[in-house]
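The structure appears right after this line, and notes come after that.
There are 2 protein chains.
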Amino acid sequence: MEQKLNVHALVWQDQKLSVLDQRKLPEIVHYQVYVTAPEVAEAIKTMQVRGAPALGIAAAYAVALSVQQHYQADNSAWRQQVATEIKLLAASRPTAVNLFWALDMMQAKLEQLNDSPVTAMIALAQEIHQQDIAANLKMGELGADILADAQGLLTHCNAGALATGGYGTALGVIRSAYQRQARRIYADETRPWLQGARLTVWELAQDNIPSTLIADSAAAMLMKSGQVDWIIVGADRIAANGDVANKIGTYSLAVLAKYHGVKLMVVAPTSTIDFARQSGDAIAIEQRAASEFLPACYAHEDSLITAWNPVFDVTPAALISVIVTERGAVFNPAEKGVGELNDE
Amino acid sequence: MEQKLNVHALVWQDQKLSVLDQRKLPEIVHYQVYVTAPEVAEAIKTMQVRGAPALGIAAAYAVALSVQQHYQADNSAWRQQVATEIKLLAASRPTAVNLFWALDMMQAKLEQLNDSPVTAMIALAQEIHQQDIAANLKMGELGADILADAQGLLTHCNAGALATGGYGTALGVIRSAYQRQARRIYADETRPWLQGARLTVWELAQDNIPSTLIADSAAAMLMKSGQVDWIIVGADRIAANGDVANKIGTYSLAVLAKYHGVKLMVVAPTSTIDFARQSGDAIAIEQRAASEFLPACYAHEDSLITAWNPVFDVTPAALISVIVTERGAVFNPAEKGVGELNDE
Numbered sequence: 023m024e025q026k027l028n029v030h031a032l033v034w035q036d037q038k039l040s041v042l043d044q045r046k047l048p049e050i051v052h053y054q055v056y057v058t059a060p061e062v063a064e065a066i067k068t069m070q071v072r073g074a075p076a077l078g079i080a081a082a083y084a085v086a087l088s089v090q091q092h093y094q095a096d097n098s099a100w101r102q103q104v105a106t107e108i109k110l111l112a113a114s115r116p117t118a119v120n121l122f123w124a125l126d127m128m129q130a131k132l133e134q135l136n137d138s139p140v141t142a143m144i145a146l147a148q149e150i151h152q153q154d155i156a157a158n159l160k161m162g163e164l165g166a167d168i169l170a171d172a173q174g175l176l177t178h179c180n181a182g183a184l185a186t187g188g189y190g191t192a193l194g195v196i197r198s199a200y201q202r203q204a205r206r207i208y209a210d211e212t213r214p215w216l217q218g219a220r221l222t223v224w225e226l227a228q229d230n231i232p233s234t235l236i237a238d239s240a241a242a243m244l245m246k247s248g249q250v251d252w253i254i255v256g257a258d259r260i261a262a263n264g265d266v267a268n269k270i271g272t273y274s275l276a277v278l279a280k281y282h283g284v285k286l287m288v289v290a291p292t293s294t295i296d297f298a299r300q301s302g303d304a305i306a307i308e309q310r311a312a313s314e315f316l317p318a319c320y321a322h323e324d325s326l327i328t329a330w331n332p333v334f335d336v337t338p339a340a341l342i343s344v345i346v347t348e349r350g351a352v353f354n355p356a357e358k359g360v361g362e363l364n365d366e
Numbered sequence: 023m024e025q026k027l028n029v030h031a032l033v034w035q036d037q038k039l040s041v042l043d044q045r046k047l048p049e050i051v052h053y054q055v056y057v058t059a060p061e062v063a064e065a066i067k068t069m070q071v072r073g074a075p076a077l078g079i080a081a082a083y084a085v086a087l088s089v090q091q092h093y094q095a096d097n098s099a100w101r102q103q104v105a106t107e108i109k110l111l112a113a114s115r116p117t118a119v120n121l122f123w124a125l126d127m128m129q130a131k132l133e134q135l136n137d138s139p140v141t142a143m144i145a146l147a148q149e150i151h152q153q154d155i156a157a158n159l160k161m162g163e164l165g166a167d168i169l170a171d172a173q174g175l176l177t178h179c180n181a182g183a184l185a186t187g188g189y190g191t192a193l194g195v196i197r198s199a200y201q202r203q204a205r206r207i208y209a210d211e212t213r214p215w216l217q218g219a220r221l222t223v224w225e226l227a228q229d230n231i232p233s234t235l236i237a238d239s240a241a242a243m244l245m246k247s248g249q250v251d252w253i254i255v256g257a258d259r260i261a262a263n264g265d266v267a268n269k270i271g272t273y274s275l276a277v278l279a280k281y282h283g284v285k286l287m288v289v290a291p292t293s294t295i296d297f298a299r300q301s302g303d304a305i306a307i308e309q310r311a312a313s314e315f316l317p318a319c320y321a322h323e324d325s326l327i328t329a330w331n332p333v334f335d336v337t338p339a340a341l342i343s344v345i346v347t348e349r350g351a352v353f354n355p356a357e358k359g360v361g362e363l364n365d366e
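The listed protein sequences derive, respectively, from chains Z and W. Start counting at 1 in the first sequence, then tack on 22, and there's your number in our numbering. Start counting at 1 in the second sequence, then tack on 22, and there's your number in our numbering.
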């Protein structure tokens, strides 16, 4: 199905990369235009762009910008400059696997090219970008097939166009499902960063999809009221047994969904699957600074008040109804894990 | 056990009522001093003081202030002025039962008094205040007995000294338990108003009790980690069958607690029990304005973005381990309800 994309985290145009500054949403829609790799590294570091797939694409374009800036036909000194900037990009964010995957791909391509590499490098970055969109569109249709006539959908955090090359993972499924027929869309505000309030409902409105924001702690009452049929989320990392690490609060929703007979769909490309990791127990959970939600006046030396701020939680496969990827859907992943999706 | 109270929402001193402005916490500790009833009505209306028991006590003192201001020995015109101000106080907040209960009590007393009613009215307001503190101290000891050596306690919203005459209901139990031995105390930040972040951890720190703030959606992961033995909350209304209406998110915690084998204690004076109400299904849930957490830029005429903002949820008795009142504790309230606590 042909899809018009209205929300773009990253736009390549006139040999420049435009990055939507997500820190300013929803109040201000502002694209910052970059022509060098160090500028893009800084944009990644400072969270102007976030979301694992989007970070990979931004890094790919940044390598293309680096080659474009430094390439010289008459000597090979430029290769060292590009290599230095790839290292800079690799140091911008530590955890998003997609970033390193994209840098590796761009570097391998560059080593094969001799004459006039600029066009080819830009083409590869664009291909990485387009393949991500294609995967999202595919998952959107697969997910919408599974949802059938479900009326109430709840999502958490932002697994949308803003976190990917376009269209989104969880929000891609919601887009495709809504296009087939209107549904009630609910979004958790998602503390402490409020990705739901700042990004998800804004992004849906750009595609003319109405949504209702709720406090994270109101999800249980909403499920009890019978207004939610499916919870649809993205993933940061999926273990071989189908356990899913995702934004803090996903595990909470999964337990509540099981209790209320609500189904849970995880939507993520196969690049998110860590086939070498047997279960979610081994996934290290990043802890962020207490200052993300602790009032500043508590931050003094002898303060009795601290905060516990894990970024992710792990949802056991047993609480997941289906995992949707671009290679197909795995129902009841607790039965056999997700190994069947491994094409290696 | 003798308790020193360090946190006071309301202080009666030198014929004046000092009200701690809770809207300014935790950054600013500021008491506003009032000498007339209309000032106190305004303080209630504008949320300088909140929490059902605290509202009742504030209203009682306000009636005493009214009599103090208007009483004249030589004619009875002052009685009309006081009656008008009682009506004004009754119109300040619609839902808190304690407010009307306190006004009725003060009015009944006033009708019995002829000569020099000022001292007697002040004495009754102080008695209402002291009885609330006594009930909280009693519940604190009863609750601490039940907790025994439990190591990890999680609370939601603020059911503390700030919401009562002093010491608190849920936080009273936590105070008493902590006094017997150190425990890990966790507080949900409690969206959208952040009573946990702004009030609860601040209040505990005033009593030298360390605490850890968490995002509401991190409670499930905390329970899974084994760090929480009991969840301890207050109540806004308890039905005869033991169903409990309390701050939004309480029901969510109750379901998560059941799943993880964590126990749930509700702490509230018997004045919170609505013996005439058979179950929690009949409790009307107040909806507040979307603007409490919806970014202002979404609030335009053709906006596709709305919010669902219920203030309370209802926790079925079956999910509650024990209800603690000043007349005793009811374990497994789902078995027989709380009718045994009715002394009428």
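We treat Cβ as the ideally placed atom computed from N, Cα and C, and that holds for glycine.
Short-range partners of chain W found in the stretch 227-239 of chain Z, where Cβ spacing is below 9 Å
A227, N230, I231, P232, S233, T234, L235, I236, A237, D238, S239
Mapping the DSSP letters down to three states, classify L286 (chain W) as helix, strand or coil.
strand
Kindly indicate if chain Z contains any beta-carbon less than 8 Å away from that of R213 (chain W).
yes
What residue from W:V266, W:W252, W:D251 has the CA that sits closest to D258 (chain W)'s CA?
W:V266
What residues of chain W sit near R220 (chain Z), judged by a beta carbon separation below 8 Å?
P317
Taking its Cβ as the centre, do 16 or more other Cβ atoms sit within 10 Å of M23 (chain Z), making it buried, or is it exposed?
Because the pLDDT of M23 (chain Z) is 49, which lies under 50, any placement of that residue in the model is unreliable, and the number read from its coordinates should be weighed accordingly. Exposed, by the Cβ-count rule.
C-alpha distance - D238 (chain Z) paired with L32 (chain W), whole-angstrom precision
32 Å
8 Å Cβ cutoff, A183 (chain Z) in contact with chain W:
no
Between E163 (chain Z) and the rest of its own chain, which residues show a CB-CB distance below 6 Å, the 5 nearest in sequence each way excluded?
S198
Have a look at the DSSP bridge pairing and note the partners of R259 (chain Z).
Z:A267
Using 8 Å as the threshold, is the C-beta distance between A147 (chain W) and A82 (chain W) below it?
yes
From this set, Z:L42, Z:V57, Z:Y56, which residue's C-alpha is nearest I14 (chain Z)'s C-alpha?
Beyond the ends of chain Z as shown, which are 23 and 366, falls residue 14 (chain Z); an answer cannot be given.
Taking only beta-carbon atoms, is E362 (chain Z) less than 8 Å away from chain W?
no
Check A157 (chain Z) in the structure and name its three-state DSSP category.
helix
What first and last residue would you give for the alpha helix (DSSP H) that runs through Y189 (chain Z)?
Note, Y189 (chain Z): premise wrong, no alpha helix (DSSP H); not H, not E.
Length of the line joining the Cα atoms of S293 (chain W) and P338 (chain W)
19 Å
Best match in Z:R299, Z:C179, Z:G194, Z:F297 for proximity to T272 (chain Z) [C-alpha to C-alpha]
Z:C179
Quick test of your reading: P317 (chain W) and P48 (chain Z), contact by CB under 8 Å. State the CB separation rounded to the nearest angstrom.
6 Å
Helix, strand or coil: which one does DSSP assign to T292 (chain Z)?
helix
Is V223 (chain W) helix, strand or coil when you go by DSSP?
helix
Own chain residues within Cβ distance below 6 Å of A63 (chain Z), not counting five before or after:
L110, L111, S114
To which residues does DSSP link L144 (chain W) through a beta bridge?
Here residue 144 (chain W) is Ile; the residue named in the question, Leu, does not match the sequence. DSSP, once it has assigned bridges, lists no residue as partnering I144 (chain W).
Where DSSP assigns a beta bridge to K67 (chain W), which residues make up the other side?
Per DSSP, none; premise fails for K67 (chain W).
Short of 7 Å in beta carbon distance, which residues of its chain neighbour Q25 (chain W), apart from the five on each side in sequence? Order them along the chain.
L159, Y189
C-alpha distance - Q44 (chain Z) paired with Y53 (chain W), whole-angstrom precision
41 Å
According to DSSP, simplified to helix, strand and coil, what is V126 (chain Z)?
One detail in the question is off: residue 126 (chain Z) reads as Asp in this sequence, not Val. If DSSP states are grouped into helix, strand and coil, D126 (chain Z) belongs with the helices.
With burial defined as no fewer than 16 other Cβ atoms inside 10 Å of the residue's Cβ, what is the status of H151 (chain Z): buried or exposed?
buried
Chain Z contacts from the stretch 270-284 of chain W (Cβ-Cβ distance under 9 Å)
I270, G271, T272, Y273, S274, L275, A276, V277, L278, K280, Y281, H282
For V55 (chain Z), does the count of other Cβ atoms within 10 angstroms reach 16, so buried, or fall short, so exposed?
exposed
What is the rounded straight-line gap between the Cα of P332 (chain W) and the Cα of A240 (chain Z)?
8 Å
Determine, using beta carbons only, whether V62 (chain W) comes closer than 8 Å to chain Z.
no
Collapsed DSSP secondary structure at R197 (chain Z) in the structure displayed:
helix
Tell me, please, which residues DSSP counts as bridged to K38 (chain Z).
Z:Q35
Would you give the residue range spanned by the alpha helix (DSSP H) that R206 (chain Z) belongs to?
Premise fails: R206 (chain Z) lies in the beta strand (DSSP E), 206-210, not in any alpha helix (DSSP H).
Would you mind giving the Cβ-Cβ distance between F334 (chain Z) and N268 (chain Z), rounded to the nearest angstrom? I have them listed as a contact below 8 Å.
6 Å
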